[in-house]
Amino acid sequence: MEALLRKGLAQLGLDESGAPSLLRYGELLLEKNKVMNLTAITEPQDVATLHFLDSAALLTLADLKGKSVVDVGTGAGLPGMPLKILEPSIRMTLLDSLGKRITFLQEVCDDLGLTDVQCIHARAEEFAADHRQSFDFAVSRAVANLSVLCELCLPLVKVGGAFLSMKSVESGGELEQAKKAIGILGGRVERTADYSIPGTDVTHRVIFIKKIAETPKKYPRPFAKIKKNPL
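Taking the numbering used here, the leading residue of the sequence shown gets 313, the next gets one more, and so forth.
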């Protein structure tokens, strides 16, 4: 797994010095996964490629150095934890609605000696009440529909910042449907970028949504309303 990680990071043009910490994170993740559902991917080499290198690719597409980043619906810590490990200058907030996941992520941070990471147990729409427009970037690898994700993520982003949504290359229709929501929430689609995950034949896409205006105060709505009636 370590050789695969180092080779993949080198292919992405990233510093390989974070490989041992990623390796340790992978061990902790797979150990915890035995008693708690964190990932359906359980082969160490697949964790290295489909989780860690996939997350790491974001660093080749956006300059996150020294920036404040919130990972919305982080789950097992993806993409936020690999981003923080590989770019320690990031001020990272890992946000998830399940307390057990956040407890695990705090254990990982403590084990790896990571600083300037906030592991927050909260729903994104409730977290936004006290943290509106306070992050340079929001990132999400969550599987929710893009319209829903935009309402959860864009209110957290400063004007001038961006929401980076990690999606499949078949997300064109979803993006088209989300354009109305993006406009209402103060965003604009800046670009999309497709990238290949080293060591695999998998290609994924990042949708870059620039925050160009303040999000109206009534958003985000309660999650039941967001889900029932997406913008």
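Here a beta-carbon is modelled for each residue, glycine too, at the ideal position from N, C-alpha and C. Computed from a predicted model, the values in this text were never measured in an experiment.
Query                                                                                                                                                                     : Result
Which residues in the same chain as K396 place their Cβ atom closer than 7 Å to its Cβ, once the five residues preceding and following it in sequence are excluded?       : I402, M404, L426 and V429
Are K470 and S508 touching if we call contact CB-CB under 8 Å?                                                                                                            : no
Could one say the Cβ of A436 lies closer than 8 Å to chain C's Cβ atoms, at least one of them?                                                                            : Absent from the structure: chain C. Only one protein chain is present.
Which residues in the same chain as I587 place their Cβ atom closer than 6 Å to its Cβ, once the five residues preceding and following it in sequence are excluded?       : Because the chain in this structure spans residues 313 to 543, residue 587 falls outside the shown range and cannot be described.
If we ignore side chains and look at the alpha-carbon of each, how far apart do E339 and Q489 end up?                                                                     : 39 Å
What runs of the beta strand (DSSP E), each 3 residues or longer, lie entirely inside the segment 328–401?                                                                : 380–384
Per the DSSP calculation, T405 is bridged to which residue(s)?                                                                                                            : V382 and Q430
Drop a sphere of 10 angstroms on the beta-carbon of D383, count the other beta-carbons inside from all chains shown, and report buried for 16 or more, exposed for fewer. : buried
Do M393 and L417 have their C-beta atoms closer together than 8 Å?                                                                                                        : yes
Is it the case that the segment 501–518 contacts the segment 313–332, given that we only count it when at least three CB pairs across the two stretches are under 8 Å?    : yes
Quick one, which of C462, E526, F364 and D358 has its alpha-carbon nearest E328's?                                                                                        : F364
Tell me the residue span of the alpha helix (DSSP H) that contains K540.                                                                                                  : F535 to K540
Report yes if the CB atom of A436 is closer than 8 Å to the CB atom of L407, and no otherwise.                                                                            : yes
Look up R453 in the DSSP assignment and say whether it is helix, strand or coil.                                                                                          : coil
Using a 10 Å radius around the Cβ and a threshold of 16 neighbouring Cβ atoms, would you call E399 buried or exposed?                                                     : buried
So for A440, helix, strand or coil by DSSP?                                                                                                                               : coil
What would DSSP say about V469, mapped onto helix, strand or coil?                                                                                                        : strand
Can you give me the C-alpha to C-alpha distance between D366 and E526, rounded to a whole angstrom?                                                                       : 31 Å
Please name the residue in K479, D422, L458 and K346 whose C-alpha comes closest to that of I538.                                                                         : L458
Do V481 and D448 come within 8 Å of each other at the CB atom, strictly closer than that value?                                                                           : no
With distances taken Cα to Cα, identify the nearest neighbour of G498 among D423, G485 and K522.                                                                          : K522
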